[in-house]
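Numbering (our numbering), first residue to last: 81 to 528.
Each residue gets a CB set at the ideal place from its N, CA and C atoms; glycine is no exception.
Because the structure is a prediction, the values reported are computed rather than measured.
Here's the structure, in structure tokens; my notes come after.
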Ligand SMILES: Nc1ncnc2c1ncn2[C@@H]1O[C@H](COP(=O)(O)OP(=O)(O)OP(=O)(O)O)[C@@H](O)[C@H]1O
Ligand SMILES: [Mg+2]
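Written as structure tokens, this is what we have:
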């Protein structure tokens with residue numbers, strides 16, 4: 081390709097001569113990026129397909145420009161652009177040269193390289209650019225392992241990751257134009273917020289799905305694309321039907337305990353396939369494993385894992401429906417909210433807890449060496465039996481793990497219960513979500 085042809089394509093993506101569509105703002109990510117920018121590190125943005133990575137990149141570019149950066153100092157390129165007829169590192173270098181010659185940046189350029197996994201061997205080029213301080217680099221891709229394996233070795237200690245996920249509940253409210261500025265406002269809009277939570281659980285929170293009327297159709301197409309483009313093609317999988325069934329299996333069985341063996345039996349597949357397909361689904365950010373808490377690492381590795389999904393909308397569109405699903409979907413929402421926090425706080429670790437008597441606590445939140453809190457999600461607090469069971473499990477885990485901060489996240493029930501010498505907070509999901517995001521003051525949490 082000639083350099084002027086490359087520039088024509090780049091011109092479509094960049095702010096050099098025009099404004100670009102940046103969508104609704106997602107300050108959680110742009111603030112985080114701004115903070116990471118101050119480090120002299122390569123920044124990698126990963127996350128599932130369609131979560132909004134490219135939009136977040138463009139929002140960041142816009143923010144830099146608003147802060148006074150010359151648009152010509154910034155190059156944004158989508159390496160998946162089908163108009164590019166060449167590939168490989170030499171082509172990447174050619175793109176950079178074209179940009180230098182035709183656009184003439186006056187300061188150290190800032191490169192946003194989107195879908196970098198398309199360039200074979202990009203890691204060495206990035207490392208060279210970074211070491212020679214030729215550019216500041218932000219790369220993105222939608223596969224965890226492709227971005228981390230080689231980069232990990234080539235750029236040890238020289239890169240920071242940020243994951244972009246579908247909308248948090250706070251973002252979801254703002255995408256739905258539900259805004260509140262103070263507590264009074266909030267109380268007036270409680271019903272509206274609860275209604276929004278039902279939609280959040282039902283259709284999930286991919287940005288495009290949130291803004292569209294054709295929610296189910298879009299979700300189904302996301303699933304198909306993930307299977308065919310990200311999994312079958314990338315990993316050269318021949319047994320398409322097996323890949324599809326295992327993906328459906330996980331999306332239908334969120335929050336359930338699973339071992340590779342139990343899936344082998346349920347789906348009649350070899351255990352080798354189950355293991356590798358599960359790994360691919362995790363790398364594509366479609367599902368996440370949650371390990372059991374144990375003081376012994378070996379036991380932790382041996383125990384069954386729980387699988388959660390990236391998005392409850394995807395579960396509802398693709399998975400099979402079970403009657404106990406509401407509670408499970410709520411649990412998934414809590415898991416993803418914790419996962420979002422983990423993104424901002426890499427010290428945080430998540431587990432579930434279970435003892436030999438099958439008493440269970442949904443989430444153990446650990447930070448460094450300290451266990452911060454125990455969280456139970458219970459959608460059925462009115463049922464005496466369920467309530468007692470959840471409380472007993474919490475009591476046992478509190479004792480064993482020596483934790484005092486515990487809570488039960490509910491659909492409606494709010495308040496506080498005494499449990500031996502400790503208190504357990506009961507908080508409705510919508511309130512917990514908004515409190516955790518800092519959209520509700522923490523004292524609201526202690527109102528009762
Ligand atoms: N902030 C936003 N405001 C409005 N719409 C958005 C926003 N972010 C994403 N979208 C919608 O979601 C779609 C996918 O977003 P985007 O292309 O940024 O995702 P991505 O993570 O880069 O996906 P891919 O991995 O497929 O490249 C967009 O085409 C747009 O319709
Ligand atoms: Mg993209």
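C-beta contact flag for residue i and residue j at 9 Å
| i | j | result |
| --- | --- | --- |
| residue 373 | residue 481 | yes |
| residue 326 | residue 283 | no |
| residue 47 | residue 364 | No answer is possible for residue 47: it lies beyond the span of the chain, which begins at 81 and ends at 528. |
| residue 490 | residue 458 | yes |
| residue 289 | residue 127 | no |
| residue 366 | residue 390 | yes |
| residue 306 | residue 129 | yes |
| residue 252 | residue 276 | yes |
| residue 136 | residue 101 | no |
| residue 157 | residue 90 | yes |
| residue 487 | residue 454 | yes |
| residue 160 | residue 194 | yes |
| residue 387 | residue 368 | yes |
| residue 494 | residue 507 | yes |
| residue 337 | residue 278 | no |
| residue 192 | residue 141 | yes |
| residue 197 | residue 83 | no |
| residue 220 | residue 133 | yes |
| residue 449 | residue 250 | no |
| residue 461 | residue 467 | yes |
| residue 190 | residue 217 | yes |
| residue 476 | residue 435 | yes |
| residue 330 | residue 291 | no |
| residue 383 | residue 439 | no |
| residue 269 | residue 255 | no |
| residue 445 | residue 409 | no |
| residue 348 | residue 223 | no |
| residue 395 | residue 332 | yes |
Span of the beta strand (DSSP E), counted from its first residue to its last, around residue i
| i | result |
| --- | --- |
| residue 437 | Looking at the DSSP string, residue 437 is not in any beta strand (DSSP E), and its letter there is neither H nor E. |
| residue 389 | 385-389 |
| residue 425 | Here residue 425 belongs to no beta strand (DSSP E), and DSSP marks it neither H nor E. |
| residue 468 | Run containing residue 468: none in the beta strand (DSSP E); it sits in the alpha helix (DSSP H), 464-481. |
| residue 508 | 502-508 |
| residue 372 | 367-372 |
| residue 398 | Segment 392-398 is the alpha helix (DSSP H) holding residue 398; no beta strand (DSSP E) there. |
DSSP beta-bridge partners of residue i
| i | result |
| --- | --- |
| residue 156 | 192 |
| residue 239 | 122 |
| residue 457 | 489 |
| residue 289 | Its beta-bridge partners do not exist; DSSP assigns none. |
| residue 498 | 503 |
| residue 337 | 386 |
| residue 446 | 429 and 451 |
Residue interval of the alpha helix (DSSP H) (run including residue i)
| i | result |
| --- | --- |
| residue 177 | 169-183 |
| residue 301 | 295-305 |
| residue 361 | 351-363 |
| residue 250 | 249-255 |
| residue 216 | Taken as a continuous stretch (DSSP letters only), residue 216 belongs to no alpha helix (DSSP H), being part of the beta strand (DSSP E) at 216-221. |
| residue 344 | 340-347 |
| residue 275 | 270-283 |
| residue 108 | 107-117 |
| residue 135 | 133-146 |
| residue 207 | 202-211 |
| residue 313 | Run containing residue 313: none; DSSP gives neither H nor E here. |
| residue 83 | 83-93 |
| residue 322 | 320-332 |
Distance cut-off 8 Å: residue i Cβ against heavy atoms of ligand 3
| i | result |
| --- | --- |
| residue 220 | In terms of ligand content, the structure shown lacks ligand 3 and carries ligand 1 and ligand 2 instead. |
Report all residues for which the CB-ligand distance to some heavy atom of ligand 1 is below 5 Å; order them along the chain.
-> Taking each Cβ in turn, the ones that pass are 103, 104, 129, 130, 131, 132, 133, 134, 135, 222, 287 and 288.
Quick check: the region 175-191 against the region 143-157, are there 3 or more CB pairs under 8 Å?
-> Segments in contact, yes.
Would you check if there are 3 or more beta carbon pairs closer than 8 Å linking the region 159-175 to the region 203-215?
-> Judged by Cβ distances under 8 Å, the region 159-175 makes contact with the region 203-215, as three or more pairs qualify.
Inter-stretch contact (C-beta, 8 Å, three-pair minimum) for the region 341-356 and the region 156-170 | No, because fewer than three Cβ pairs between the region 341-356 and the region 156-170 fall closer than 8 Å, the two stretches do not touch.
Count the C-beta pairs between the region 228-247 and the region 374-381 that are closer than 8 Å, then say yes if the count reaches three, no if not.
-> Verdict: no, contact absent.
Could you tell me whether the region 112-124 touches the region 235-251, where touching means 3 or more Cβ pairs closer than 8 Å?
-> Segments in contact, yes.
Taking 8 Å as the threshold, find out whether the region 257-274 comes into contact with the region 285-301 through three or more Cβ pairs.
-> When Cβ pairs closer than 8 Å are counted between the two stretches, the region 257-274 is seen not to touch the region 285-301, the count staying below three.
Taking 8 Å as the threshold, find out whether the region 308-322 comes into contact with the region 422-439 through three or more Cβ pairs.
-> Touching, no.
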